[in-house]
Each structure stands twice: as structure tokens, then as C-alpha cells.
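Letter by letter, the sequence shown follows residues 1312 to 1651 of the working numbering.
Glycine included, each C-beta is placed from N, C-alpha and C at the ideal position.
The block underneath contains the structure these notes are about, expressed in C-alpha cells.
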Amino acid sequence: MRGYNTTSVMQSSHRLAILFCIVFPLCGVYTSPGREVIRVGLLPNVAHAQALVASNMSRDGEGWFEKRLGSGVDVQWFVFHAGPSAVEAIFAGSIDLTYIGPCPALNGYLRSSGEDIRVLSGAANGGEALVVRSPEWKSARDLRGKTICTPQLGNTQDVTCRAWLIRNGMQVSLTGGDVHVVPLENPDIFTQFSRGSIDGAWTVEPWVSRLLTEAGGHVLYRPRDTVATVLVTSVRFLEEKPAIARRFLTAHQELTTWVTENPRKAQEKIRRELFECVGQDFSAELICEVWRGMHFNNAIRLRDFEQFMADARLSKLSRVCFDLSKLIITLPAYPRHEPK
């Protein structure tokens, strides 16, 4: 490994995490007096396809959710670079709903003793992988003494990475172990990997494909169809605005159908919105390739969260064993939007 200092990268990642906890809107925040404002979080990766498409539509004046929430409702989109930051914004009341990975959703539920976070729907499966520098590395044992980055401490890829390493015989902790697992923002993961300063990354699309095609990476392990993204809200929002919550969920379900039935249009909107989020131009070919490994759907299963809770406990990121029966909420169906 060349020119790499674990401590400096960890310090840098912590500073960036603090910066990205500050919530910034993707689109304009100008709202007419007397109008309802719904604030929604997203992460800039392809697993958040529905959110990226909708945010781009809002930017272009074609708001998907705006048309379905009612004439007096505006939607504002806010970008985060990892799920835990979005959960903090939910707790702070800075946003009302967010698209995040299952582990931050679960962690938020546990932190609030099951009283605040609720999962409304699934959104996407797949799209993550462990990418390493050498094709000779074939197993977890080959990563002994190496440094692997994840997007943020406690996010879905971080928890899954740590649990996979431990189950394959590696000692992993927050301060070291056989394999050093270090949190770093996805754009910085790409930069450090390209320089040869880190040995690998467990991350999501489109960063997985960029590491493979642009930085010479190799897939060591790719989980099969794991839950990547869910739609989450707070109990407070459900209690204060139940009708809007129902409308939003129905609109999300319709958008999932639109995304799967209109892949080329969806991919172009995602490509444009990713540029707005991270300032990097992802090619249409790259997004199309990424699409093959994604499965967009509204299904959500409690047993998936039970597995993530087991992974978090195994990784020593949580000591809690908690009743998850209130985590997933089923809202009454709202009449479907009829296009004019």
C-alpha cells in the first residue's frame, strides 16, 4: 500500500461526516406563503433511483410527487452522503421522509427505542460489492493487514462488510483488527482507490462500476439481491400529516413502476441528477451497466431487518436485541393518481 495513513483518512472522513450532517437542498427552497412543504432526503447513488428521478423532475418543473400530493403542497429535496446523516435529520425534524439503506433505518429505530422511525416501503435491492485492487485476492483471508473503506460508519455497507469479514474468520473492530475498515465518503473512496492508497471498498453503484472500469478494481464479493434502499419517515410525520403520508407512499409505489417500465428515461434523469448532487458526470453507458444489477421494488420483509440487526451485533456496532414488530408500517391504500 502506497502513501496511506489510516488515521489521517479517518480524521478526514469524520470532518466530512460533520459537514454533510448539515442539510442542503438540491432544488430551490422558494415556497409561496400558506403552502405545505414536504422535505425529503436522498443519497446520490443509483439505489436511490426513485428519489433521484423525482428530484430531477422537481428541478425541471415536472414534480412527480407534487402532482400527486395536492395543489397546495411543495416538495423540497435534500442530499446526504450516507444514511446515518439522514436519520439525524429525521430526528432533528429537518426532513420528513428519506430514502436510506436498511441499517441506518434500523439503527434509528433502535436509538429511539422503537418510538420514532418507521419504514413505509422498499425501494431497491442489489447494487453493492466488495471491490479490491488485486485480482489475486480471492477471500477474506487475503485481506489480512489491508484497509477497506465503507461510505460511513454504521451505514448498510459498513455493517454488512464488517459482519462478512468476521463470519469469514477476520477480527474486526473500530480501532483495528486483522482488516482495517475505515469510513470515507464515496467520492473520496474513488480518489484514494485510484491512487492506490487503500486496498478496497465495500460500496454501492455507481461507485462499484466506476472502481471497476476507471480505477482497475476487481470484485472479490458481491452479495445477492440484498436490500439496498427503503423509504422511511417519523412517527411524528405520520401522526401530524397522515393523508400526505399515504399520498406520498402511493406516489412512491407508482414511481417504482414508472422507473422499471421506462428504464432509459429514468437512467437519463438519474445521470443528470447525480451530476447536480456530486458534480461528476456519469456516462449513460455506465448507468445502463449499473442498471443490470439493480432490482427496484416496493417489497419489504421484517426478516431482512432481523438479519441486519444480527450483523450489527456481530460487528459490535450494536448491543441491542429489540422487538422490531413496529418498524414496518402498512398504511391504508390511497386512490391511485389518474394521469390527465
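Span of the alpha helix (DSSP H) around residue i
{"i": "residue 1581", "result": "1574-1589"}
{"i": "residue 1367", "result": "1360-1370"}
{"i": "residue 1476", "result": "1467-1478"}
{"i": "residue 1448", "result": "From DSSP, residue 1448 is part of no alpha helix (DSSP H); its letter is neither H nor E."}
{"i": "residue 1406", "result": "Residue 1406 -> no alpha helix (DSSP H), and no H or E assigned at all."}
{"i": "residue 1595", "result": "1595-1602"}
Cβ-based burial, residue i [other Cβ within 10 Å; buried from 16]
{"i": "residue 1340", "result": "Low per-residue confidence applies at residue 1340: pLDDT is 45, beneath 50, and the placement is therefore not dependable, though the value from the model is reported in the following sentence. So residue 1340 ends up on the exposed side."}
{"i": "residue 1479", "result": "exposed"}
{"i": "residue 1632", "result": "exposed"}
{"i": "residue 1649", "result": "Reliability fails at residue 1649, whose pLDDT of 49 lies under 50, so the model's placement of it is uncertain and no value is given."}
{"i": "residue 1407", "result": "buried"}
{"i": "residue 1313", "result": "Confidence at residue 1313 is low in this model, with a pLDDT of 34, below 50, so the placement of that residue is unreliable and no value is reported for it."}
{"i": "residue 1469", "result": "buried"}
{"i": "residue 1530", "result": "exposed"}
{"i": "residue 1335", "result": "Because the pLDDT at residue 1335 is just 48, under 50, the model does not fix this residue reliably, and the value given afterwards should be weighed accordingly. Under this definition residue 1335 is an exposed residue."}
{"i": "residue 1599", "result": "exposed"}
{"i": "residue 1444", "result": "buried"}
{"i": "residue 1348", "result": "exposed"}
{"i": "residue 1383", "result": "exposed"}
{"i": "residue 1351", "result": "buried"}
{"i": "residue 1554", "result": "exposed"}
{"i": "residue 1613", "result": "exposed"}
{"i": "residue 1362", "result": "buried"}
{"i": "residue 1609", "result": "buried"}
{"i": "residue 1458", "result": "buried"}
{"i": "residue 1634", "result": "exposed"}
{"i": "residue 1482", "result": "exposed"}
{"i": "residue 1590", "result": "exposed"}
{"i": "residue 1580", "result": "buried"}
Cβ pair residue i, residue j closer than 7 Å
{"i": "residue 1308", "j": "residue 1605", "result": "Residue 1308 lies beyond the stretch modelled for the chain, which goes from 1312 to 1651, so this question has no answer here."}
{"i": "residue 1402", "j": "residue 1386", "result": "no"}
{"i": "residue 1607", "j": "residue 1517", "result": "no"}
{"i": "residue 1430", "j": "residue 1512", "result": "no"}
{"i": "residue 1473", "j": "residue 1492", "result": "yes"}
{"i": "residue 1364", "j": "residue 1433", "result": "no"}
{"i": "residue 1460", "j": "residue 1411", "result": "no"}
{"i": "residue 1490", "j": "residue 1440", "result": "no"}
{"i": "residue 1427", "j": "residue 1545", "result": "yes"}
{"i": "residue 1418", "j": "residue 1465", "result": "yes"}
{"i": "residue 1556", "j": "residue 1566", "result": "no"}
{"i": "residue 1543", "j": "residue 1360", "result": "no"}
{"i": "residue 1391", "j": "residue 1354", "result": "yes"}
{"i": "residue 1509", "j": "residue 1625", "result": "no"}
{"i": "residue 1637", "j": "residue 1425", "result": "yes"}
{"i": "residue 1358", "j": "residue 1435", "result": "yes"}
{"i": "residue 1611", "j": "residue 1639", "result": "yes"}
{"i": "residue 1367", "j": "residue 1582", "result": "no"}
{"i": "residue 1629", "j": "residue 1623", "result": "yes"}
Cβ-Cβ separation, residue j to residue i (assumed contact under 8 Å), whole Å
{"i": "residue 1415", "j": "residue 1397", "result": "7 Å"}
{"i": "residue 1562", "j": "residue 1379", "result": "4 Å"}
{"i": "residue 1467", "j": "residue 1394", "result": "7 Å"}
{"i": "residue 1560", "j": "residue 1642", "result": "5 Å"}
{"i": "residue 1602", "j": "residue 1578", "result": "6 Å"}
Per-residue DSSP class, three states only, for residue i
{"i": "residue 1608", "result": "coil"}
{"i": "residue 1437", "result": "strand"}
{"i": "residue 1385", "result": "strand"}
{"i": "residue 1567", "result": "helix"}
{"i": "residue 1415", "result": "helix"}
{"i": "residue 1562", "result": "helix"}
{"i": "residue 1341", "result": "Since pLDDT at residue 1341 reaches only 46, below the 50 mark, its modelled position is unreliable, and the value read off the structure follows with that caveat. Three-state DSSP puts residue 1341 in coil, outside helix and strand."}
{"i": "residue 1631", "result": "coil"}
{"i": "residue 1539", "result": "strand"}
{"i": "residue 1373", "result": "coil"}
{"i": "residue 1432", "result": "strand"}
{"i": "residue 1520", "result": "helix"}
{"i": "residue 1505", "result": "helix"}
{"i": "residue 1550", "result": "helix"}
{"i": "residue 1394", "result": "helix"}
{"i": "residue 1525", "result": "coil"}
{"i": "residue 1347", "result": "strand"}
{"i": "residue 1486", "result": "coil"}
{"i": "residue 1638", "result": "coil"}
{"i": "residue 1354", "result": "coil"}
{"i": "residue 1643", "result": "coil"}
{"i": "residue 1531", "result": "strand"}
Start-to-end residues for the beta strand (DSSP E) that takes in residue i
{"i": "residue 1494", "result": "1491-1494"}
{"i": "residue 1514", "result": "1511-1515"}
{"i": "residue 1617", "result": "Per DSSP, residue 1617 belongs to no beta strand (DSSP E); it is in the alpha helix (DSSP H), 1613-1625."}
{"i": "residue 1459", "result": "1458-1461"}
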